[in-house]
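So the sequence lines, in the order shown, correspond to chains W and E. Here the numbering used here is used: the first residue of the first sequence is 1, the next is one more, and so on. Here the numbering used here is used: the first residue of the second sequence is 599, the next is one more, and so on.
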Amino acid sequence: MRHQTVTLLWRAGIAAALVCAIGVLPWLTHTDPALTVLKARSAERDPTPEVLADIRAQLGLDRGPFHLLGDWLGGLWHGDAGRSWISGNEVAPAVLQAVGVSLMLMAVALAVAALTAALICARTLWLGAHRRLDGRRAGGSGSAVLAALPEFLTASVLATVVGVQLGWLPALGWYGPQWTILPALALGLPAGAVLGRLLDDLLPGAFAEPWALAATARGLPGRTVACQALRRCLPGLLPNTGLFVVGLTGGSVTVEQIFDIPGLGRTTLQAALAQDLPVLQAGTLALVLLAAVAAGVAHVLTRLLIGPALRDGELSSLHRPAPPARTILPFVHAGLLLTVIVCGLPRDPLALDTAERLAAPSPSHPFGTDALGRDVLARVAHGALDTLLLALAITAATLLTGLALGLLPRLSGPLVDTVTALPPVLVALLVTAVVGSGTATPALAVAAVAWAPLAAHTSALLQQERAALHLTATRALGAGPWYLLRHELLPAVVPPVTRHALLRLPGIALALASLAFLGLGAQPPSPEWGLLLAENQPYAERAPWAVLAPAAVLALLGALAVTAAGGVRGARRRRGGSETAARSMPEEQSPVRQLVKQ
Amino acid sequence: MPRRLRPLLALALAPVLAGCFASGGGTDSADSADGGSRLRVALAFPPAENLSPYGADATILSRLGVTEGLTALDANGAAAPALAASWRQENDRTWFFTLREATFQDGSTVTPAAVATALTHAAQAKPAPAGLAGVTFTAKADGSTGVRITTKTPDPVLPLRLSSPSLAVLSGKAYGTKDKVDPVGTATGPFELTKVLGATAVTLDRYDDYWGGRAQAPGIDVKFVADGTARASALRTDQVDLAEAIPVAQAATLDKDTVEATATTRTTSLLLNTRKGAFKDAALRAAAREAVDTSALAKGVYEGYADPGAGIYGPAVTWAAGKRTEPAGRAKAGKPEGTRITIATYDNRPELPEVAQVLKQQLEKAGFEVTLEVREYSRLESDALDGRFDAFVGARNSLVDTGDPVGVLASDYTCDGGYNLALLCDKDVDRAVAKAADTAERQDAAMAAEAEILGTDAVVPLVHQRVITGVGGSVRGALLDPYERTLVGIGTRR
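Following this line, the structure appears as structure tokens:
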């Protein structure tokens, strides 16, 4: 009980610190809110000193951030979240409306994700129920590709093909249930693919546990055994599902824009850019509350599903009955990637020729050309080195941070939810406020968010690991906490979290590009991969190759990371018996979920 | 849960779920008995300030035919009668406007007193409406049809100024509550606002007693769709009849006969920093001007939906081409020899980063070393005004808010200008602009000042943009004007 009170206080402290940080943000970054508000109201208005002075007087900016913050907090106490600096409307109703829209979208997307995950796991469940899992070949490359697709690409394709060309479903607006389907598919399909793949990885371990064998021997129907196996595996996925819910409520800006949905993502993005502080503060508070609720629900569900076993340390380690056969798949992926890069390097990525714009693939331009007539193959190849090196460096840093903080779940748990819930643009602005806009700022801004899922993963693994029988045995033999950490816990946790971090590598590359419009990160005409995707997005329908080529290499990178990580698993497997290194626990929501969100 | 509770639960949940959707505002079935169908319009910029006429939202009201001012702009950019039937200048500070017989949408008559009240409210608004920046005036009723307007300093373009959408005339009811102006049912135009659904949609009905005659369309359902691709999709799926500001990238996906390109007064230019850095040297500015190939931009980036840059004023300013004089006193182009420069631009208009990248190549061919800096506009402007970049690529409406050609020259190219991105401070230019501002023969004087400015090479006009409006096949009579102030009028129907 005391623990819970402390956690609650910590959570409230984080929320309060955030609101205060937002309140002083413009003064920290030296960006005049009068100017940004003026531009949000009327983009073409000249910022003459008189106009700016009038706006300052209207908003009371001269009284300084602390007065404004105090007034806002005082109003909040009475349920009044202030008035928007841009429109002068009351903030609370507008934000509540946006939260409603976002939650609705989220709920339908979650249903789609559940359905997708169910379809992916159906085969494993059926085989497991009939105890024929042993000879199955490793599958799931289809779902891995689906999971690695950038969100905006799925959304554009769905909107254009299903919505416009076939006309089956409305692709624009938010007026009733049929309007929810396409955006929910765009959000839910990749997420469902990831969750499904993770579940599919866990299930064989559950089917191999002694109880399953006993239940089958006892003559229980296969269906019952499958249900219990599902129950055994779900708790490992719950934290990820929670993060998925939270992250997409405030971060699905791309999908909201493509389908014209008045959700919270767009509201907070606009408020962050215009420095409309009351709206930004209220939106952030709503998201932080939602994160707390989601974390609470995930916690309660875990307790309901496997609570007693966790408490009593009666879990057996989930491990595969047989290591997946080593395949040549990683070599195939790496070979393809290398071929593309080697073929493209001799070409010029910057030479533009507007007469050749949007040319279809041909012998002279194997991947076609982009909107300025540049060779897409050359750009993909030249962008590879920058993209990969920076993304690798950030991945390494986040892995270390994530592991370290994940070992302290009480400290990091609320922090993880909060960071995931925040719109990425806001995080970037806060980071800029603290460290200034240097060359390392974009990397820091991305890293500030990217450690969170790794920490959550680490915590989830630790929780189960601590409840494992073999740990009780080791403890009984007199092992101290440091020994346990070094020789039992870390070896069990590090490999899966490393694999998870690798899986997120493409997502980090995309997140970097999404900050470019704040003046952070790669600038055109750099052929950085995220930038390639962003600059060709408007032409996705007319020149699909210009988007598909960078998307395909990113997917290839994701597939390489996943399959190569399988190799790591094989090499690392050194301890026998009911060993832990072979785990494939929650790999977390998609790497690509981090994408753009712009 | 007991089974029989479920229907009850569903009933209880239904309003909650309904609250999670946006109200459509569409009344598709409400076509009137006399056969006309309601127009469905997708606008690009959602209202930012509750449709207050004193900010950018004024354009929305004017484009939808809700509000009118005393005057309007005609095709040649001159003041034309609107609520004022005629006017005359009494002395250099006083103008007398004679009103026509008209009624407000709330039924009251447009009296001189009501007009004076409306104009006085606009003059006192804070911040001041864009068309009134730096102008002080008083408006007084005179007789049963006259309004006398006295300005503090001589203002030769007052009739032009009064055409600004932010000087719309609303009935007294609109100004009921303090510092909030409500245009719902209080304007004078052919269409009347009936429902405003936040920043997502508005509904308008025809105002039957409009002085100019009854509009053909019984009403308009407007949706605000910020994403350009989404607006194009809405038109392609027949969800709207009119979609404004289709991005160039999407124009090719629409049917040829639904794409209407209108030349606008918007000019995209390359502004060179004359105070600091490489372009302080006039010879290098001349070298940059000579390196730029504007037709490659118009064709390659704008796909032909733009005209190559001719001057500060483009072909939409119809009188400009005939009066243009060759810029004199241009410096001779120097040799860049690897001079490093930074070009800044913004991505709010998707074509600008592409323009900047093409420019980069053209300038590098001439010997410059170019770095680009692309940001969101509000994160860029103050740095640009401080002169942190060597060059700036931006789009600018050359007739700004008043339709007065001199306004843009004064704010953008004089020492005291508030939006002087080229940081130009040149005595000859200042003198030429001041001369233009004081005369009624503004067009000739403005062109002389333009030649003076182009002579400094502080600005290289790149292209004159055409705005693309998606007009559904069955729509007739859409008002596509170069000033982007009208869209739907009494003759618009489908």
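For glycine and all other residues, C-beta sits at the position ideal for the given N, C-alpha and C. Predicted, not measured: the structure shown is a model, and the values here were computed from it.
A distance below 8 Å separates the beta carbons of arginine 994 of chain E and threonine 865 of chain E. Glycine 247 of chain W and asparagine 240 of chain W have their C-alpha atoms roughly 10 Å apart. Residue contact check for serine 514 of chain W against chain E: no CB pair falls below 8 Å. Excluding sequence positions up to five before and after threonine 743 of chain E, its CB lies within less than 7 Å of the CB of Thr696, Leu697 and Pro710, all in the same chain and listed in chain order. The alpha-carbon separation between glycine 902 of chain E and lysine 958 of chain E amounts to approximately 20 Å. For tyrosine 944 of chain E, the enclosing beta strand (DSSP E) has its first and last residue at 938-944.
Proximity to leucine 532 of chain W across W:Ala109, W:Ala378 and W:Leu399 peaks at W:Ala378, based on C-alpha coordinates.
Cβ neighbours of leucine 158 of chain W within its own chain (closer than 7 Å, five residues either side excluded): Leu182, Leu185 and Ala186. Across the structure, glutamate 699 of chain E and phenylalanine 789 of chain E are spaced so that their CA atoms are roughly 17 Å apart.
The three-state reading of DSSP puts aspartate 905 of chain E in strand, counting E and B together. Aspartate 200 of chain W carries a helical assignment under DSSP once its states are collapsed to helix, strand and coil. Here glutamine 275 of chain W is buried. Its C-beta has 16 or more other C-beta atoms within 10 Å.
Annotation: tryptophan 211 of chain W to leucine 199 of chain W spans about 19 Å, alpha carbon to alpha carbon. Taking all protein chains in view, the Cβ of lysine 39 of chain W is crowded by 16 or more other Cβ atoms within 10 Å, so the residue is classified as buried. Between alanine 640 of chain E and leucine 490 of chain W, the alpha-carbon positions lie close to 57 Å from each other. Listed by position along chain W, the residues whose Cβ is nearer than 9 Å to that of glutamine 1063 of chain E form an empty set, because the closest Cβ is around 14 Å away. No Cβ of chain W is located within less than 8 Å of the beta carbon of aspartate 839 of chain E. Judged by DSSP in its simplified three-state form, aspartate 819 of chain E adopts strand.
Contact with chain E is found for tyrosine 539 of chain W, since one of that chain's Cβ atoms lies less than 8 Å from the residue's Cβ. Burial is judged here by how many other beta carbons sit within 10 angstroms of a residue's own beta carbon; histidine 1062 of chain E has at least 16 and is buried. Contacts between leucine 970 of chain E and chain W, judged by CB atoms closer than 8 Å, involve Gln523, Pro524 and Pro525 in chain order. Of all residues in the segment 737-770 of chain E, none has a C-beta nearer than 9 Å to a C-beta of chain W. Annotated three-state conformation of aspartate 353 of chain W is coil, per DSSP. Membership of isoleucine 508 of chain W in the alpha helix (DSSP H) is indicated by the continuous run 505-513. Chain order gives the chain E residues near leucine 352 of chain W as Gln955, Val956 and Gln959, where near means a beta carbon separation below 8 Å. DSSP places valine 1057 of chain E inside the beta strand (DSSP E), whose first and last residues are 1057-1069. If you keep only unbroken alpha helix (DSSP H) runs of at least 4 residues inside the segment 783-852 of chain E, you get 826-834 and 846-849. Judged by DSSP in its simplified three-state form, serine 867 of chain E adopts strand. The Cβ atoms of proline 1059 of chain E and alanine 908 of chain E lie closer than 8 Å to each other. Between the segment 286-303 of chain W and the segment 245-259 of chain W, the count of C-beta pairs closer than 8 Å reaches three or more; the two stretches touch. By a beta-carbon distance limit of 8 Å, alanine 861 of chain E contacts arginine 1064 of chain E. Their separation comes to about 5 Å. Setting aside the 5 residues that flank it on each side, glutamate 842 of chain E is surrounded in the same chain by Leu641, Ala642 and Thr1067, each with a C-beta closer than 6 Å to its C-beta; the list follows chain order. Separation of the CB atoms of valine 1031 of chain E and glutamate 952 of chain E is rounded to 32 Å, and the pair is thereby denied contact status at 8 Å.
Residues of chain E whose Cβ lies closer than 8 Å to the Cβ of tryptophan 174 of chain W are, in chain order, Phe619 and Ala620. According to DSSP, residue pairing for proline 679 of chain E in a beta bridge involves E:Thr669.
Within the same chain, Glu356, Ala359, Asp375, Val376 and Leu377 come within 8 Å of histidine 365 of chain W by CB-CB distance, once the 5 residues on both sides are set aside.
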